[in-house]
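Residue numbers (this note's numbering): 3 to 574.
What follows is the structure, given as structure tokens:
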């Protein structure tokens with residue numbers, strides 16, 4: 003019995019040391035706006051995971067780093083993982099850093115005190131203003147967020163600002179400018195940055211608090227950095243000796259995102275203004291049977307991107323053929339936000355004379371200024387189609403007669419020349435030319451076969467490589483469709499189109515639908531998921547079924563092509 007107790011004590015004493023976790027800050031109290039460090043250390047913890055700092059309320063976490071260290075002293079083995087965080091206290095008061103769990107162990111809580119800086123009056127030389135308008139919007143309606151950084155009577159360097167990243171919204175920077183003015187005898191340098199923000203769904207959109215900081219410029223040559231706004235720099239260098247640190251913070255903004263109006267049943271287009279106009283080539287247009295006339299319709303919408311503008315849809319009369327060109331989609335960035343432009347072009351060819359009525363063109367949109375639905379219209383137009391003129395037919399007949407006459411004259415001249423040659427000379431020349439011709443044909447055939455074999459080999463290698471790329475891109479599309487993520491599907495589908503048409507990549511989703519009509523309905527549902535009311539993964543089922551059917555057919559046909567050398571399913 004004594005031997006068993008002794009053996010148990012021995013095993014206990016030889017076990018590795020128990021896990022230990024600790025945390026501490028490099029200074030306490032801290033000054034409002036000053037950077038400080040929080041260190042968390044885990045010793046001899048099996049598979050230590052990074053602690054969850056989301057429970058720390060009020061303090062802003064700006065940067066992190068991690069370090070692993072192992073030491074062996076005699077028979078003692080110690081494994082240490084250390085995390086270091088750069089934090090900042092935005093306001094005076096007490097902040098609690100709660101116990102942080104690592105493995106089965108927890109750190110002790112830390113009560114941090116933040117006090118006002120004695121140089122607070124000097125910090126006021128920089129003001130950070132954020133204005134978000136309007137305060138009440140609909141999903142996918144543009145919110146303009148204007149950021150103004152005002153510096154008064156001081157030179158600054160290494161200027162940075164936290165990025166604008168509101169949750170549940172798409173953000174696009176549209177304008178930035180810096181100018182100089184004077185106030186109360188002091189020079190002011192003002193930087194204005196404008197962002198267009200689009201909420202993805204109804205609810206509350208929070209424009210978070212932004213934070214600016216820069217260093218007071220010291221003597222010597224320095225580099226001003228006005229272009230780095232939107233990203234913090236290397237925080238590892240912030241603790242190096244620099245000029246006085248200047249900071250400023252903005253107030254959070256709240257935007258109410260309303261549900262879509264009940265009367266909305268079609269494409270959702272929230273804009274400040276929508277214009278639809280048309281151009282003709284020739285201008286004015288003259289319609290004749292069998293002769294094309296080009297019609298270009300341009301839609302311009304303020305406050306949206308070009309991809310938010312719907313595709314035009316109408317039916318041409320049976321006596322008029324319309325051949326559509328690829329639409330041109332553009333998004334312009336202006337100080338007042340985004341401006342979307344969509345151009346659609348058709349070649350119109352009448353098939354018989356008489357009157358033809360061109361259907362009206364209409365675009366429905368939601369007026370965000372007046373909060374009502376409106377429609378931009380190009381009215382229907384009655385055109386007169388003229389028959390082919392008599393003079394045109396006579397010119398065509400005369401050209402045909404002249405051509406036939408020239409051919410007959412050439413034959414007569416040739417026959418006369420042949421009659422003047424002697425029979426023997428004609429036979430000798432005929433035999434000689436025949437032999438030369440036969441030799442030329444043989445040389446040409448051999449050369450062509452070699453060239454053809456080489457071209458076939460190069461073409462086969464290219465096709466094999468292209469098929470591998472297409473297969474990989476198609477797999478990515480199918481995976482995105484299975485996940486039900488419209489934005490990921492859009493990106494994967496465009497990459498797939500680039501691999502299919504390497505020589506002429508499609509400009510957008512609509513062009514893919516035009517080239518492969520089997521996908522047109524599915525692409526319309528994808529656009530509806532991106533810009534319409536159907537904001538869920540189920541709306542992608544149509545595209546999923548169509549694309550999988552296309553991919554399966556492509557694999558079967560491409561397999562048979564290896565044996566029959568037929569052209570591939572996808573055009574090159």
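C-beta atoms are modelled at their ideal positions from N, C-alpha and C, and glycine is treated no differently.
Does the separation of the CB atoms of residue 133 and residue 148 fall below 8 Å? Within the chain shown, numbered from 1, the residue matching residue 133 stands at position 131. Within the chain shown, numbered from 1, the residue matching residue 148 stands at position 146. Yes, these two residues count as a Cβ contact at 8 Å.
If we call anything under 8 Å between Cβ atoms a contact, is residue 201 one with residue 259? For this step, residue 201 is matched to residue 199 along the chain shown. For this step, residue 259 is matched to residue 257 along the chain shown. Closer than 8 Å, so yes.
Are the CB atoms of residue 495 and residue 514 nearer to each other than 8 Å? Taking the first residue of the chain shown as 1, we reach residue 495 at position 493. Taking the first residue of the chain shown as 1, we reach residue 514 at position 512. Using a Cβ distance threshold of 8 Å, residue 495 and residue 514 count as a contacting pair.
Alpha carbon of residue 411 to alpha carbon of residue 293, nearest angstrom: Here residue 411 is taken as the residue at index 409 of the chain shown, counted from 1. Here residue 293 is taken as the residue at index 291 of the chain shown, counted from 1. Bear in mind that a pLDDT of 47 at residue 411, under 50, signals an unreliable position, so the model cannot answer this.
Pull up the DSSP beta-bridge partners for residue 272, would you. The count along the chain shown starts at 1 and reaches residue 272 at position 270. Looking at the DSSP assignment, residue 272 forms a beta bridge with 368.
Helix, strand or coil, according to DSSP, for residue 260 in the structure here? Here residue 260 is taken as the residue at index 258 of the chain shown, counted from 1. Shown here, residue 260 sits in coil according to DSSP, grouped into three states, outside any helix or strand.
Among the candidates 75, 171 and 178, whose CA atom is the shortest distance from the CA of residue 337? Within the chain shown, numbered from 1, the residue matching residue 337 stands at position 335. Closest option to residue 337, Cα to Cα, is 178.
CA-to-CA distance, residue 152 to residue 217, given in whole angstroms: For this step, residue 217 is matched to residue 215 along the chain shown. For this step, residue 152 is matched to residue 150 along the chain shown. One C-alpha to the other measures close to 15 Å.
Find out if the Cβ-Cβ distance for the pair residue 47, residue 21 is shorter than 8 Å. Translated into positions along the chain shown, residue 47 becomes position 45. Translated into positions along the chain shown, residue 21 becomes position 19. Cβ atoms of residue 47 and residue 21: closer than 8 Å.
Looking only at its own chain, which residues have a Cβ that is under 6 Å from the Cβ of residue 501, when we skip the five neighbours before and after it? The residue labelled residue 501 in the question sits at position 499 within the chain shown. Answer for residue 501: 471, 472 and 475, listed in chain order.
Which one or two residues does DSSP pair with residue 302 in a beta bridge? Taking the chain shown and counting its residues from 1, one reaches residue 302 at position 300. The partner list for residue 302 (beta bridge, DSSP) reads 277 and 343.
Measuring straight from C-alpha to C-alpha, what distance separates residue 478 and residue 168? Residue 478 sits at position 476 when you count from the first residue of the chain shown. Residue 168 sits at position 166 when you count from the first residue of the chain shown. Here the alpha carbons of residue 168 and residue 478 stand approximately 28 Å from one another.
Option in 51, 58 and 39 with minimal Cα separation from residue 66: Along the chain shown, one-based indexing puts residue 66 at 64. Closest option to residue 66, judged by alpha-carbon separation, among 51, 58 and 39: 39.
Within this structure, are the beta carbons of residue 302 and residue 365 separated by less than 8 Å? As a working note, residue 302 is residue 300 in the chain shown. As a working note, residue 365 is residue 363 in the chain shown. No; because the gap between Cβ atoms is not below 8 Å, this pair is not in contact.
When the Cα of residue 86 is compared with those of 102, 98 and 69, which residue comes out closest? For the purposes of this step, residue 86 is taken as the residue at position 84 of the chain shown. If you compare the alpha carbons of 102, 98 and 69 with that of residue 86, the shortest gap goes to 69.
Using 8 Å as the threshold, is the segment 129-145 in touch with the segment 250-270, meaning 3 or more CB pairs across them? Judged by Cβ distances under 8 Å, the segment 129-145 makes contact with the segment 250-270, as three or more pairs qualify.
Range of the contiguous beta strand (DSSP E) that encloses residue 69: Here residue 69 corresponds to residue number 67 of the chain shown, with the count starting at 1. Residue 69: member of the beta strand (DSSP E) spanning 62-75, first to last residue.
Taking 7 Å as the cut-off, is the beta-carbon of residue 360 closer than that to any non-hydrogen atom of the ligand SAM? Because no ligand of any kind appears in the structure shown, any question about the ligand SAM cannot be addressed here.
Sequence-distant residues of the same chain with beta carbon closer than 8 Å to residue 253, five excluded per side: As a first step, residue 253 must be located in the chain shown, where it is residue number 251. Taking residue 253 as the centre and dropping the five residues before and after it, the same chain places the C-beta of 132 and 211 closer than 8 Å to its C-beta, in chain order.
Buried or exposed: where does residue 304 fall if 16 or more other Cβ atoms within 10 Å of its Cβ makes it buried? Reading the chain shown from its first residue, position 302 is the one you call residue 304. By the neighbour-count rule (16 or more Cβ atoms within 10 Å), residue 304 is buried.
If you drop the 5 nearest sequence neighbours on each side, which residues of the same chain put their C-beta closer than 8 Å to that of residue 100? Sequence index remark: in the chain shown, residue 100 carries index 98 (1-based). Close CB contacts of residue 100 within its chain, under the 8 Å cut and outside five residues either way in sequence, are with 57, 58 and 111 (chain order).
For the segment 274-294 against the segment 368-383, are there 3 or more C-beta pairs whose distance is under 8 Å? Taking 8 Å as the limit for Cβ pairs, the verdict is that the segment 368-383 does touch the segment 274-294.
What residue range is occupied by the uninterrupted beta strand (DSSP E) comprising residue 218? Taking the chain shown and counting its residues from 1, the one referred to as residue 218 is at position 216. Where residue 218 is concerned, the enclosing beta strand (DSSP E) stretches over 213-218.
Whose CA, out of 54, 79 and 95, lies closest to the CA of residue 104? The residue given as residue 104 occupies position 102 in the chain shown. In terms of Cα proximity to residue 104, the closest of 54, 79 and 95 is 54.
Tell me residue 208's beta-bridge partners as DSSP assigns them. Position 206 of the chain shown, counting from 1, holds the residue named residue 208. Answer by DSSP bridge pairing, in chain order: 256.
According to the Cβ coordinates, are residue 145 and residue 92 closer than 8 Å? Against the chain shown, residue 145 aligns to sequence position 143. Against the chain shown, residue 92 aligns to sequence position 90. No, the pair does not count as a contact, with Cβ atoms beyond the cut-off.
For residue 256, which residues in the same chain have their Cβ closer than 7 Å to its Cβ, ignoring the five residues on either side in sequence? On the chain shown, residue 256 is found 254 positions in, with the first residue counted as 1. Excluding residues within five positions, the ones whose Cβ falls inside 7 Å are 206 and 208.
DSSP three-state label for residue 549, please. Indexing the chain shown from 1 puts residue 549 at position 547. Helix at residue 549.
Going along the chain, which residues of its own chain have a beta-carbon closer than 8 Å to the beta-carbon of residue 390, five neighbours each way excluded? Counting from one through the chain shown, the residue named residue 390 turns up at place 388. Here the set comprises 290, 291 and 292.
Are the beta-carbon atoms of residue 352 and residue 387 separated by less than 8 Å? By 1-based counting over the chain shown, the position of residue 352 is 350. By 1-based counting over the chain shown, the position of residue 387 is 385. Yes, Cβ-Cβ distance for residue 352 and residue 387 is below 8 Å.
If you reduce the DSSP assignment to three classes, tell me which class residue 240 lands in. Position 238 of the chain shown, counted from the first residue, corresponds to residue 240. Caution applies to residue 240, whose pLDDT of 48 falls short of 50 and renders its modelled position unreliable; the model cannot decide the point.
How is the beta strand (DSSP E) around residue 500 delimited, first residue to last? For the purposes of this step, residue 500 is taken as the residue at position 498 of the chain shown. Looking at the DSSP string, residue 500 is not in any beta strand (DSSP E); the run it does join, the alpha helix (DSSP H), is 488-502.
Collapsed DSSP secondary structure at residue 511 in the structure displayed: In the chain shown, residue 511 corresponds to position 509, counting from 1. Residue state for residue 511 is assigned as helix, using DSSP reduced to three classes.
Given a threshold of 16 other Cβ atoms within 10 Å of its Cβ, counted over all protein chains shown, does residue 251 qualify as buried or as exposed? As a first step, residue 251 must be located in the chain shown, where it is residue number 249. Classification of residue 251: buried, given that the 10 Å Cβ count is 16 or more.
Taking the beta carbon of residue 248 as the centre, do at least 16 other beta carbons fall within 10 Å, making it buried, or is it exposed? Locating residue 248 in the chain shown gives position 246, where the first residue counts as 1. Of the other Cβ atoms in all chains shown, 16 or more fall within 10 Å of the Cβ of residue 248; this residue is therefore buried.
Counting only the same chain and skipping the five closest in sequence on each side, list residues whose C-beta sits under 6 Å from that of residue 325. Position 323 of the chain shown, counted from the start, is the residue given in the question as residue 325. Excluding the 5 residues flanking it on each side, residue 325 has same chain C-beta neighbours closer than 6 Å at 349, in chain order.
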